[in-house]
Each structure stands twice: as C-alpha cells, then as structure tokens.
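Working notes, beginning with the structure itself.
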Amino acid sequence: HLHPSNHQESSILRRANCRAKGGAPGFKVAILGAAGGIGQPLAMLMKMNPLVSVLHLYDVVNSPGVTADVSHMDTGAVVRGFLGQQQLEGALTGMDIVIIPAGIPRKPGMTRDDLFKINAGIVRTLCEGIAKCCPNTLVNLISNPVNSTVPIAAEVFKKAGTYDPKRLLGVTMLDVVRANTFVAEVLGLDPREVDVPVVGGHSGVTILPLLSQVKPPCSFTPEETEYLTNRIQNGGTEVVEAKAGTGSATLSMAYAAAKFADACLRGLRGDAGVVECSFVASQVTELPFFASKVRLGRTGAEEIYQLGPLTEYERVGLEKAKKELAGSIHKGVSFIRA
Ligand code: NAI
C-alpha cells in the first residue's frame, strides 16, 4: 500500500494531535485566506517558523491541497486544513494569532478603496467568527483597504463585546520592507542595515515614510526625498502594473506578513524591545486609528510611540495623510454601524 489505511492514518493523526496538544512549545497560528496568492507562501513561511507549533490553514477554496503540500515540510508545526464557512470555527478555536489575507486584490487602474465592497463583507464575517471562537487572539489584518478593514474589525469586536484594541493590528509591514529596500538602494547599503519608520496608513498618500528618522542616520537631497516618498507610496501599484492584471504583491507581502507575525510571536513569548510599525487604535493624532511604531508584548501592542520630530516636508505629508485616512476610517465604521 502506498497510502496508509484509514486505521493507520487515524492513529498517525492522533499522534500528531497529541504532539500538538501535549505542550509542544510554541504558538498556534491560523491563516484565513490561506489558498490565495499571499496565503500560500505565507503558509510556507509560517510552517518554517520555529515558534509555531500548530498551523491552521483556512479558505473557502483549495485549502486541502495547500495543507497537504505544506504539511510535508519536515519542520515542527502540525498543519491542519479547514475548508468553507462551516469549518471556520474549528480553524479559529484555540489560536494565539490569526492572520487574515482573505479577499480580492487590486488590478491595474484600481485603488485599494475599490476593493471595499467585497472585502468589507469578508472581513466582517471572519471577525464575527473570531469574536465567537477566539476572542483573545492577536489579529494581523492584511485584507485591503487596511485603512477601512481595521475599523470594521474593531466595530465587529465592539458589537460582540470582545474588543481589545491592543490585539487588533493592521499589517503595514510591506511599506516598511519596501522603504528599507528603496532607501538602502539610494544609500548604497545592505537593506538589512536600514530601518525606515513608515507611519499613517496603508494606501497612497496615507503611507508616510519618515525619511528624517532613517537609521543609520543619513540625509537626503530634496529630490531624493521626493523620489523615495513617491516610490514607497506607489510600490504596490508598481507591482500591480508589472503583474498586468494577474494580481498584486504576494511574495513580498507574504515575507512582510511572516516578518510581522514573527515579531508578534516574539512579543507574546515575552521578548523585550520588539518594535514594528502597525496600523492600530491610536492617540498619536486626533484620528482613532493610525500607523506608527508599536512595542509588541505578551498582550499585543503594549505601547504606541509618538511620531517624533518631523521635517516641514513630512508635516505637509502628515496633513494630507490624515485627511484621506479620516474618510477611510469613517467608511469602515459606518459599514458596521449603518
Ligand atoms: P488572492 O485572491 O490571491 O487570495 C485571496 C484568498 O482569499 C483566496 O484564496 C480566496 O479564496 C480567499 N477568500 C475569499 N473570501 C474568503 C472568505 N470569506 N474566507 C476565507 N478566505 C476567503 O489575493 P491576494 O493577492 O492573496 O491578496 C489578499 C488580500 O491582501 C487583498 O485584499 C489584497 O489587497 C491584500 N493585500 C494587502 C497588503 C498589505 O500590505 N496589507 C499587500 C498586498 C495585498
């Protein structure tokens, strides 16, 4: 027999489950939208993360195939697949982190806001499931438009009485990853040595790189500042156009999502000084949500950092960003309240 009999298979599964339950050290992570362009490489990267003991892969299509594939990797995490709405509960129960890349991506000519109609409903359904099955989980929300889907998630959790602002994180890591790459290119440095804070939100002018706060300390000409700001703000569109109708950033996004989830896991473990940018409930500006540096700890986003000194160029950018953000946040909130 090439395949184990049902009996053998169930005893193998029992042992795997036993290992997963029996306190194999590590965290339980679910990916919702795991069969998608981001979901698949993200599933692979999370299966490679030594901090993950259980990996749940949920989608409304094709999750069995992705699960079978990823489960053959000889790394520690036990992988389980979940298909369709009726298996959402099983996918979510007991999870420490839920990563959400479910929803349609952009095509050329579309803004992230054009995705609102479809993705708002998807995010609402998934967050209702989270409120019911794993209200204490840390949510990493990737589905666009992030500037609106994070407020949607917050409203769903408020309605359910489970809202903890520290545990709801909009993923803006790709903007930081791009900023590090493009700035390193201009400076002639290795991107791993560069750290660029990117604040505001995750769309067009709301993506505000703070080039005056780049580490290592450096300075840019006005032309370089203009070029870098534009390239960072339009990095997503660069990929959408190059992919010519077949999707948006998936590989760099999966990398960024895995990097962000790893930071969340290290925070949950109790590591000190884990700081990343994220779009969160915030008092840094007058807006209810804003992306800035946050310290990730055992309970989620434990500290939100102020923006620090800004240049005139950045102050102008901040005003533009806030104007657009206010509208996107309002749109998300009204979607649930209306
Ligand atoms: P994709 O279309 O390749 O994959 C999306 C997956 O979500 C599909 O497998 C689909 O079956 C699944 N899905 C749809 N409805 C679902 C539901 N109700 N429950 C569970 N799964 C569901 O799209 P891709 O390229 O993976 O992008 C996903 C999302 O991530 C898009 O909204 C995109 O705009 C966003 N994105 C966000 C970025 C960020 O920086 N935050 C960067 C790049 C993309």
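Heads up: the sequence shown begins at 61 in full-length UniProt numbering, then just goes up one per residue. Virtual Cβ for every residue (Gly too), placed ideally from N, Cα, C.
Exercise. Near N179, which residues of its chain fall below 7 Å by C-beta distance, leaving aside the five closest residues on each side in sequence?
Worked result: As a position in the sequence shown, residue 179 is number 119, starting the count at 1. Excluding sequence neighbours, N179 sits near G163, I164, S203, N204 and T209.
For this session: Classify K383 as buried or exposed, calling it buried when 16 or more other Cβ atoms lie within 10 Å of its own Cβ.
Result: Position 323 of the sequence shown, counting from 1, holds the residue named residue 383. Residue environment for K383: exposed (fewer than 16 other C-beta atoms within 10 angstroms of its C-beta).
Exercise. Looking at the structure shown, is P269 part of a helix, part of a strand, or coil, going by DSSP?
Worked result: Looking up residue 269 in the sequence shown gives position 209. It is a strand residue.
Exercise. What do you get for M133, buried or exposed, if any count of 16 or more other CB atoms within 10 angstroms of its CB means buried?
Worked result: What you label residue 133 is simply residue 73 of the sequence shown in a count that begins at 1. The residue is exposed, with fewer than 16 neighbouring Cβ atoms inside 10 Å.
Exercise. Taking Cβ positions, are N196 and A321 nearer each other than 8 Å?
Worked result: Within the sequence shown, numbered from 1, the residue matching residue 196 stands at position 136. Within the sequence shown, numbered from 1, the residue matching residue 321 stands at position 261. Not closer than 8 Å, so no.
Exercise. Terminal residues of the continuous alpha helix (DSSP H) containing F217?
Worked result: Looking up residue 217 in the sequence shown gives position 157. Per DSSP, F217 belongs to the alpha helix (DSSP H) from V206 to A220.
Exercise. Taking just the CA atoms, how far does G150 sit from G144?
Worked result: The residue labelled residue 144 in the question sits at position 84 within the sequence shown. The residue labelled residue 150 in the question sits at position 90 within the sequence shown. Whole-angstrom Cα-Cα distance: 11 Å.
Problem set entry | Start and end residues, beta strand (DSSP E) containing A398 | Your numbering for residue 398 matches position 338 in the sequence shown. Premise fails: A398 is in no beta strand (DSSP E) and is neither H nor E.
Exercise. Where does E346 sit, in a helix, a strand or coil, going by DSSP?
Worked result: Looking up residue 346 in the sequence shown gives position 286. E346 falls in the coil class under three-state DSSP.
Exercise. Should L198 and I160 be called a contact, given that it needs their Cβ atoms to be closer than 8 Å?
Worked result: Numbered from its first residue, the sequence shown carries residue 198 at position 138. Numbered from its first residue, the sequence shown carries residue 160 at position 100. Taking 8 Å as the cut-off, the Cβ atoms of L198 and I160 do not count as close.
For this session: With L186 as the anchor, note down where its beta strand (DSSP E) starts and where it stops.
Result: As a working note, residue 186 is residue 126 in the sequence shown. It is not in any beta strand (DSSP E) - L186 instead sits in the alpha helix (DSSP H) that spans F176 to C193.
Exercise. Mapping DSSP to helix, strand and coil, what is S118?
Worked result: Translated into positions along the sequence shown, residue 118 becomes position 58. What sits at residue 118 in the sequence shown is Tyr, not Ser. Per DSSP, reduced to three states, the secondary structure at Y118 is strand.
Exercise. Roughly how many angstroms lie between the CA atoms of R358 and R329, to the nearest whole one?
Worked result: By one-based count along the sequence shown, residue 358 stands at place 298. By one-based count along the sequence shown, residue 329 stands at place 269. The alpha-carbon atoms of R358 and R329 are separated by roughly 6 Å.
Exercise. Relative to the C-alpha of V121, which residue among V112, L148 and L247 is closest?
Worked result: Here residue 121 is taken as the residue at index 61 of the sequence shown, counted from 1. When the alpha-carbon of V121 is set against those of V112, L148 and L247, the nearest one is in L148.
Problem set entry | Same chain, Cβ closer than 6 Å to G141, five either side skipped, listed in chain order | Within the sequence shown, the letter at position 81 stands for residue 141. Apart from sequence neighbours up to five positions away, the residues of its chain that approach G141 with a beta-carbon distance below 6 Å are L117, S123, P124 and T127, ordered along the chain.
Exercise. Got a sec? Which residues, its chain only, sit under 7 Å from P211 by beta carbon, not counting five neighbours each side?
Worked result: Within the sequence shown, residue 211 is the residue found at index 151, counting from 1. For P211, same chain residues with a beta-carbon under 7 Å away, outside a window of 5 residues either side, are F349, I389, G392 and V393 in chain order.
Problem set entry | Same chain only: Cβ atoms within 6 Å of G360, ignoring 5 sequence neighbours per side | By one-based count along the sequence shown, residue 360 stands at place 300. Around G360, the same chain offers L198, K226 and R227 as residues with beta carbons nearer than 6 Å, after the five sequence neighbours per side are excluded.
Exercise. Under a three-way DSSP split, which group does L311 fall into?
Worked result: Here residue 311 refers to the residue found at position 251 of the sequence shown. Under the three-state reduction of DSSP output, L311 falls in the helix class.
Exercise. The alpha helix (DSSP H) spanning E301 covers which residue range?
Worked result: Working through the sequence shown from its first residue, we reach residue 301 at position 241. Per DSSP, the continuous alpha helix (DSSP H) segment holding E301 begins and ends at G295 to K303.
Problem set entry | Near ligand 1: P269 beta-carbon under 7 Å from a heavy atom | Here residue 269 corresponds to residue number 209 of the sequence shown, with the count starting at 1. No - ligand 1 has no heavy atom lying nearer than 7 Å to the Cβ of P269.
Exercise. Three or more C-beta pairs closer than 8 Å, one from the segment 259-276 and one from the segment 335-355: is that the case here?
Worked result: They touch, by the three-pair rule.
Exercise. From E362 to L229, what distance separates their C-alpha atoms?
Worked result: On the sequence shown, position 302 is the one that residue 362 refers to. On the sequence shown, position 169 is the one that residue 229 refers to. Cα to Cα, the separation comes out at about 12 Å.
Problem set entry | Cβ-based neighbour list, R314, same chain, cut-off 7 Å, excluding 5 preceding and 5 following | In the sequence shown, residue 314 corresponds to position 254, counting from 1. A small fix is needed here, since residue 314 is Ala in this sequence, not Arg. For A314, where only same-chain residues beyond five positions count, the Cβ hits under 7 Å are I98, P101, L102 and L105.
Exercise. Got a sec, what are the start and stop residues for the alpha helix (DSSP H) E149 sits in?
Worked result: In the sequence shown, counting from the first residue as 1, residue 149 sits at position 89. Run containing E149: L148 to L152, per the alpha helix (DSSP H) assignment.
Exercise. Helix, strand or coil: which one does DSSP assign to N196?
Worked result: Sequence index remark: in the sequence shown, residue 196 carries index 136 (1-based). Three-state DSSP puts N196 in coil, outside helix and strand.
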